[in-house]
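Protein chains in written order, with our numbering: chain V, 1 to 330; chain L, 331 to 660.
Glycine is no exception: its CB is placed at the ideal position from the N, C-alpha and C atoms.
Predicted model, so just to flag it, every value in this text is computed and none were measured.
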């Protein structure tokens with residue numbers, strides 16, 4: 001499986017595959033100013049916990065490149081890092097990557113060295129991410145069997161990372177082994193990352209895909225059709241509770257009832273040593289417009305309010321195993 | 331609460347509130363030919379198990395009115411009843427209403443008497459439906475308490491019946507008593523009957539509404555915010571298993587886990603004495619186009635298949651109580 005060029009450093013700027021236009025159009029946008037990248041993260045041009053972290057690390061490079069080389073340099077770059085850090089509240093990778101870049105910034109002497117060291121670190125994040133996807137893929141596939149029917153949610157794929165994914169890295173590896181007979185993909189309302197992104201990725205890799213409404217997954221699990229559920233994570237707490245795309249808890253509950261294994265695939269960078277359990281994870285709530293419009297058509301009465309959390313928390317006792325790049329945690 | 335004129339016999343034809351255009355537009359269509367009504371039922375211009383049954387009963391009147399008054403009369407009308415009966419496979423009310431009209435057709439002497447008796451029966455179905463909604467509303471509201479936060483799915487409202495609904499009849503009665511502080515409504519993919527229809531109905535009645543993605547309901551239930559779940563039913567089997575809009579099983583499972591009461595509100599006409607349990611209920615699968623397009627925009631890769639069941643089955647042991655027009659079944 002060839003990695004997807006989700007985000008790449010090209011000629012002094014960060015090139016992002018615009019995920020809002022998929023699957024219709026494969027268009028790339030170049031960010032050479034921090035404000036552009038901040039907007040790209042907030043509007044989900046780039047999304048997925050690991051990809052956001054790496055993008056923000058490159059954002060630090062852009063911040064250093066565009067700041068004046070005078071006494072204000074550290075403060076200017078630091079203010080840009082604050083802006084990048086406040087784009088999305090739930091994924092922990094963002095905070096970890098920004099923290100590392102802050103440390104590098106503090107010990108760099110002058111602008112040129114800062115740019116060089118920040119870029120080295122951002123490239124390292126990207127390389128490590130690809131390596132860790134390959135490792136998660138191997139560990140995860142070892143838990144599966146030939147002829148597997150799998151279910152996944154949202155996009156925990158190459159598009160959510162540097163190019164190979166978390167949950168989808170396992171599916172890619174299992175598919176390379178010839179073990180995948182069918183993958184069911186929740187469409188994942190409201191932004192349809194499953195239908196638009198995961199189905200696109202898996203079709204591109206030649207994996208047989210069937211997309212379903214989120215609400216159809218529990219009865220599908222009850223029917224005994226599915227052999228395993230594989231999802232990613234935006235943050236894993238110390239006790240093993242998992243924050244991930246809204247609807248993940250639903251799948252965990254239905255999988256537990258149907259006695260189907262429920263696997264969370266996440267690199268160690270998604271584990272947050274400062275969050276004791278799921279109760280401590282801030283859940284981002286998103287806007288009314290995501291539910292109000294279907295294309296151009298208004299599908300919500302004006303007087304109706306919305307409840308639109310982007311994530312939910314799955315308690316650790318519902319997770320069969322956590323698949324990391326270092327091995328399996330049960 | 332004033333009934334919604336979901337379907338009414340006006341000047342020799344059946345007037346339907348076109349549910350595909352809500353909440354944007356309140357437009358009515360008149361059906362005076364059986365083919366028009368068959369299409370209206372198939373395309374969900376009119377929908378909801380009780381409303382489909384009543385519409386089909388009026389369809390029998392239209393069939394009799396438009397058939398030639400000669401020896402072919404019974405066969406012509408009977409063929410039209412076959413067409414009406416085969417529009418949707420899951421709701422039992424349709425079959426019951428058509429069966430009753432067939433009996434009337436057999437004992438009527440000549441076209442004029444057939445038209446008169448069929449119309450009387452169709453009107454009776456409509457009146458009985460309104461009465462039974464009022465009764466379900468009272469029995470159901472008696473199970474609730476002041477300051478209730480309620481959750482519902484799809485549209486089990488006036489738009490799914492002759493005008494007052496099943497699950498929503500309970501909410502309307504509880505609201506009249508001043509007991510409803512908030513109603514959460516699943517948007518209900520793929521056709522968004524919750525966002526488009528239920529939110530429209532409840533806003534019209536002055537009930538506070540909050541619409542959420544289907545996938546957000548289980549974590550909402552887990553949070554302890556909701557006091558009761560109320561849904562309708564397309565068919566209830568002899569053992570109490572319930573077929574209803576896809577996603578109903580999800581709510582039952584999450585409600586059970588969260589120890590929140592899960593009520594199914596259905597008239598006795600939705601109980602099928604010929605279906606022993608949920609395994610015997612045929613589940614309708616709907617088309618690719620419902621998942622493929624978001625407005626005009628294609629959101630699914632060409633090579634991806636879809637899995638789009640319209641209903642699921644909730645086992646009876648997950649149902650706290652069945653609320654009927656004759657009382658409560660536990």
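Residue i to residue j, Cα distance in whole Å?
i	j	result
residue 212 of chain V	residue 505 of chain L	35 Å
residue 110 of chain V	residue 117 of chain V	11 Å
residue 586 of chain L	residue 641 of chain L	20 Å
residue 514 of chain L	residue 479 of chain L	8 Å
residue 535 of chain L	residue 497 of chain L	14 Å
residue 659 of chain L	residue 649 of chain L	10 Å
residue 72 of chain V	residue 307 of chain V	43 Å
residue 376 of chain L	residue 418 of chain L	12 Å
residue 429 of chain L	residue 254 of chain V	38 Å
residue 266 of chain V	residue 381 of chain L	48 Å
residue 8 of chain V	residue 16 of chain V	7 Å
residue 667 of chain L	residue 468 of chain L	In the structure as shown, chain L begins at 331 and stops at 660. Residue 667 of chain L is therefore absent and cannot be evaluated.
Given a cut-off of 8 Å on the beta-carbon distance, is the pair residue i and residue j in contact?
i	j	result
residue 210 of chain V	residue 620 of chain L	no
residue 63 of chain V	residue 14 of chain V	no
residue 273 of chain V	residue 238 of chain V	yes
residue 159 of chain V	residue 19 of chain V	yes
residue 570 of chain L	residue 462 of chain L	no
residue 500 of chain L	residue 551 of chain L	no
residue 594 of chain L	residue 581 of chain L	no
residue 246 of chain V	residue 444 of chain L	no
residue 334 of chain L	residue 466 of chain L	no
residue 161 of chain V	residue 59 of chain V	no
residue 368 of chain L	residue 409 of chain L	no
residue 426 of chain L	residue 383 of chain L	yes
residue 299 of chain V	residue 481 of chain L	no
residue 40 of chain V	residue 122 of chain V	no
residue 530 of chain L	residue 639 of chain L	no
residue 163 of chain V	residue 130 of chain V	yes
residue 644 of chain L	residue 578 of chain L	yes
residue 565 of chain L	residue 420 of chain L	yes
residue 291 of chain L	residue 294 of chain V	The requested residue 291 of chain L does not occur in the structure, where chain L is confined to residues 331 to 660.
So, is residue i buried or exposed, given that buried needs 16 or more other C-beta atoms within 10 angstroms?
i	result
residue 28 of chain V	exposed
residue 106 of chain V	exposed
residue 431 of chain L	buried
residue 476 of chain L	exposed
residue 600 of chain L	buried
residue 615 of chain L	exposed
residue 373 of chain L	exposed
residue 598 of chain L	exposed
residue 77 of chain V	buried
residue 340 of chain L	exposed
Does the CB of residue i have a neighbour CB from chain V at under 8 Å?
i	result
residue 577 of chain L	yes
residue 600 of chain L	no
residue 630 of chain L	yes
residue 353 of chain L	yes
residue 456 of chain L	no
residue 509 of chain L	no
residue 497 of chain L	no
Taking the alpha helix (DSSP H) that residue i belongs to, which residues open and close that run?
i	result
residue 244 of chain V	Residue 244 of chain V -> not in any alpha helix (DSSP H); beta strand (DSSP E) instead, spanning 242-245.
residue 637 of chain L	Counting along the chain, residue 637 of chain L falls outside any alpha helix (DSSP H), and DSSP gives it neither H nor E.
residue 271 of chain V	Element bounds for residue 271 of chain V: n/a, residue is neither H nor E.
residue 169 of chain V	167-176
residue 389 of chain L	379-396
residue 530 of chain L	529-534
So the beta strand (DSSP E) residue i belongs to, where does it begin and stop?
i	result
residue 312 of chain V	311-314
residue 252 of chain V	It is not in any beta strand (DSSP E) - residue 252 of chain V instead sits in the alpha helix (DSSP H) that spans 248-258.
residue 31 of chain V	28-31
residue 410 of chain L	No beta strand (DSSP E) contains residue 410 of chain L, which is instead part of the alpha helix (DSSP H) from 403-415.
residue 340 of chain L	337-340
Just checking: is the beta-carbon of residue i within a distance shorter than 8 Å of some beta-carbon in chain L?
i	result
residue 215 of chain V	yes
residue 218 of chain V	yes
residue 308 of chain V	yes
residue 211 of chain V	yes
residue 227 of chain V	no
residue 203 of chain V	yes
residue 160 of chain V	no
residue 164 of chain V	no
residue 303 of chain V	yes
residue 275 of chain V	no
residue 184 of chain V	yes
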